[in-house]
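Chemist:
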Amino acid sequence: MTSRESLPSWLQLQKHSETMKNQHMNTLFAADSNRFNDFSIKLPSMLLDYSKNLLTDETLHLLLKLADECEVELWREKMFVGEHINKTEDRAVLHTLLRDRSSTPFIVDGKNIKADVQSALKKMESFTESVRQGSWRGYSGKGITDIVNIGVGGSNLGPQMVTEALKQYSDNRINVHYVSNVDGTQIASVLRPLNPETVLFIISSKTFTTTETMTNAQTAMEWLVASSFDEKAISDHFVAVSSNKENAIKFGIAPENIFDMWDWVGGRFSLWSAIGLPIALDLGFEQFIEVLEGAFEMDCHFKQTALKDNAPVILALLSVWNCTFLGAQSQAILPYDQTLHMLSAYLQQAEMESNGKSVSWHGKEVPYATVPSIWGELGINGQHAFYQYLHQSNNIVPADFIGSIKSVTPLKGHHETLMANFFAQTQALMEGVNEEQVRADLKAKGRTAEYIDKVAPHKVHKGNRPTNTILMKQISPKSIGSLIALYEHKIFVQGIILQICSFDQWGVELGKGLANKIQQELKSKTISTKHDSSTRGLIDFYMNGL
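Numbering follows my numbering, in which position 428 of the sequence shown is assigned residue number 564; successive positions increment by one, without gaps.
(1) Check whether the stretch 640–656 and the stretch 460–468 are in contact - that is, three or more C-beta pairs closer than 8 Å.
(2) Have a look at A390 and P295 and give me their C-alpha separation to the nearest angstrom.
(3) Which one of F387, A535, E382 has the shortest CA to CA distance from H373?
(4) Specify the secondary structure class of Y314 as computed by DSSP and reduced to three states.
(5) Less than 9 Å between the C-beta atoms of S306 and S612, yes or no?
(6) Since I338 contacts V375 with CB under 8 Å, what's their CB separation in whole angstroms?
(7) Would you decide whether L95 is buried or exposed? Buried here means 16 or more other CB atoms lie within 10 Å of its CB.
(8) Kindly identify the DSSP beta-bridge partner or partners of L234.
(9) Taking contact to mean 3 or more Cβ pairs, one atom from each stretch, closer than 8 Å, check whether the stretch 603–620 and the stretch 426–434 are in contact.
(10) Taking the beta carbon of I243 as the centre, do at least 16 other beta carbons fall within 10 Å, making it buried, or is it exposed?
(11) Can you find the residues in the same chain that come closer than 7 Å, C-beta to C-beta, to T299, ignoring five residues on each side of it along the sequence?
(12) Helix, strand or coil for N292, going by three-state DSSP, please let me know.
(13) Beta-carbon separation of T506 and G492 under 9 Å?
(14) Measuring only the C-alpha atoms, how far is I283 from E358?
(15) Which two residues bound the contiguous beta strand (DSSP E) that contains K178?
(16) Sorry if obvious, but does the Cβ on T345 come closer than 8 Å to a heavy atom of the ligand ADP?
(17) Please state whether DSSP places A468 in a helix, a strand or coil.
(18) If you count every other CB in all the chains shown that lies within 10 Å of the CB of A580, and 16 or more means buried, which is it?
(19) Assuming G599 and E567 make a contact with CB atoms under 8 Å, what is their CB distance in whole Å?
(20) Pick from L476, L199, V318, F263: whose alpha carbon is nearest that of Q630?
(21) Among L183, I394, M488, S291, which has the Cα closest to the Cα of C637?
(22) On a Cα-Cα basis, can you pick out the residue from R268, G515, L202 that is closest to Y472?
(23) Can you give the beta carbon distance from A369 to L360, rounded, assuming they're within the 8 Å contact cut?
(24) Determine the burial state of T553: buried for a count of at least 16 other Cβ atoms within 10 Å of its Cβ, exposed for fewer.
(25) Give the list of continuous beta strand (DSSP E) stretches no shorter than 3 residues that lie fully inside the stretch 349–425.
(26) In chain order, what are the residue ranges of uninterrupted beta strand (DSSP E) at least 3 long that sit wholly in the stretch 564–598?
(27) From L650 to L674, what does the alpha carbon distance come to, in whole angstroms?
(28) So, under 8 Å CB-CB, G270 and T334 are touching, yes? Tell me the CB distance rounded to an integer number of Å.
(29) Are the stretch 402–414 and the stretch 582–591 touching by the rule of at least three beta carbon pairs closer than 8 Å?
(30) Ends of the alpha helix (DSSP H) at V629?
(31) Excluding sequence positions up to five away, which residues of its chain have a Cβ less than 8 Å from the Cβ of K214?
(32) Could you give the C-beta distance for K188 and P602, rounded to a whole number, given that I count them as a contact under 8 Å?
(33) Could you check the C-alpha separation between A203 and Q635 for me, to the nearest Å?
(34) In three-state DSSP terms, what is A521?
(35) So, Q159 versus L190, is the Cβ gap smaller than 9 Å?
(36) So, helix, strand or coil for Q297, using DSSP?
Okay, here's the thing in structure tokens:
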């Protein structure tokens, strides 16, 4: 298998990057009045402007050539037809099938798994309606008022991010809560104000063995039984989303209350499945379907659009360009919409768990940088925190700015102030301000020469900081679905170009395995001699206290 570094386009991009490092975006904009039109993509629910990146027509040509030489279109086809592109686990990658709104059958190994998906959706719809309409009753005959979703990672971040983003679309018929942290403080604070008679728990765990999830589930079960004085109440107050039905049944969950998970859906790509039950319960099933339809719309764009006009492909190529060729080590996700306050955390998992790896498809160490570390915060909050770093640090941090044309909460003057900052920040990061401009400004304000000499160097902004701008029409169930799918496909293309297995997560396993062993030591008060001196000393200090 050809190594990426030997591809003609890769070698050309390496050479080209040395030239581009000496360019400034101000020069590129000055030389091309049509730059915005050339480097932006209009989609049904959003606009992607990538013109504020350090790239030219030649850069884009070489990046598209790289995508061609890496056979992105072929691999895209392999994913959508159900080939086992998750090589290390020998699995298909078919989260897109969960939101496929066409009626076309989908045959894998002689079975129409589209029928399984449709059956699962019908079961979700029936369940959602029974809870929201009050026909699902708890052990005392009362209807459900609160849902507590217990899961971690993809079983928590996706649904929680979406329910937070779409709060304005909820009729508040059901209160939805999330528990992910095994720290007892979280579940205790969630359960404290709730009435056990009217709470329904969703235990979301593909294997139904995840330590954190099962510890919280056990606590929830004990809390319920302590109120009902009857273990039979579990079947009225617990449902599961899992592929391990045997374990769920042993826990006390009725077989008919177990929702399917499939091995061809990775956890961080699973909110489109029954993992999305909290979304449906909060918004109603029809609006959950709108989320799926928005994602399907992006799937169609990704499948059918030429690479040069393909938003997920362009985002992936820019990430490779900024990280692998220009040396950026991190990327910021900066939403300028309060509804998206969990988006940065969601994308941290989606991208870093997928592509934060250093071994190629064929088991060899990759000699190049793969993906940047992802971090971020709501834009306005960030401006008064870490934007100083973005503007003036020696480290260049590419950033995605995400905003909306229309607010879901139209208060006079608020959205205009928000969006003025949104537009200003990408301009400032790109343009910067040189010392000559700083001195002229200070002089015009009547500052003394002594003051100007002292302060001017500190006010210089070099600019040339790359940003992508995603401007959505409005946050809605459909546009959220499109936005998430945009990033999912970006991550897929990244993995293909970098020759990274995007759909496994072996890096999660080592720490979990060690934790299980140490947990047994904590219970038995016996410390293994196999630990290094630091770990042994820390455990000893923990056991003996201060």
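Where a beta carbon is used, it is the ideal one built from N, C-alpha and C, also for glycine.
Modeler: Concretely, from the data shown:
(1) no
(2) 23 Å
(3) Among F387, A535, E382, the Cα nearest to that of H373 is on F387.
(4) strand
(5) no
(6) 6 Å between Cβ atoms; contact.
(7) With the chain running from 137 to 682 in the structure shown, residue 95 is simply not present.
(8) Partner(s): none; L234 has no beta bridge.
(9) yes
(10) exposed
(11) V312, P414, I415, D418
(12) coil
(13) For T506 and G492, yes; Cβs fall inside 9 Å.
(14) 17 Å
(15) 176–178
(16) Among the components of this structure there are no ligands whatsoever, and the ligand ADP is therefore not found.
(17) Collapsing the DSSP output to three states places A468 in a strand.
(18) exposed
(19) Rounded, the Cβ-Cβ distance is 5 Å, consistent with contact.
(20) L199
(21) M488
(22) G515
(23) 6 Å
(24) Looking at its Cβ environment, which holds fewer than 16 other Cβ atoms inside 10 Å, T553 is exposed.
(25) Assignment of beta strand (DSSP E) within the stretch 349–425, counting only whole runs of 3 or more residues, yields 374–377 in chain order.
(26) none
(27) 15 Å
(28) Contact between G270 and T334 fails: their C-beta atoms lie close to 10 Å from each other, not under 8 Å.
(29) no
(30) 613–634
(31) I221
(32) Going by Cβ atoms, the distance from K188 to P602 rounds to 6 Å, so yes, they are a contact pair.
(33) 12 Å
(34) coil
(35) Yes, the Cβ-Cβ distance between Q159 and L190 is below 9 Å.
(36) A small fix is needed here, since residue 297 is Met in this sequence, not Gln. In the structure shown, M297 sits in a helix (DSSP, three-state: H, G or I).
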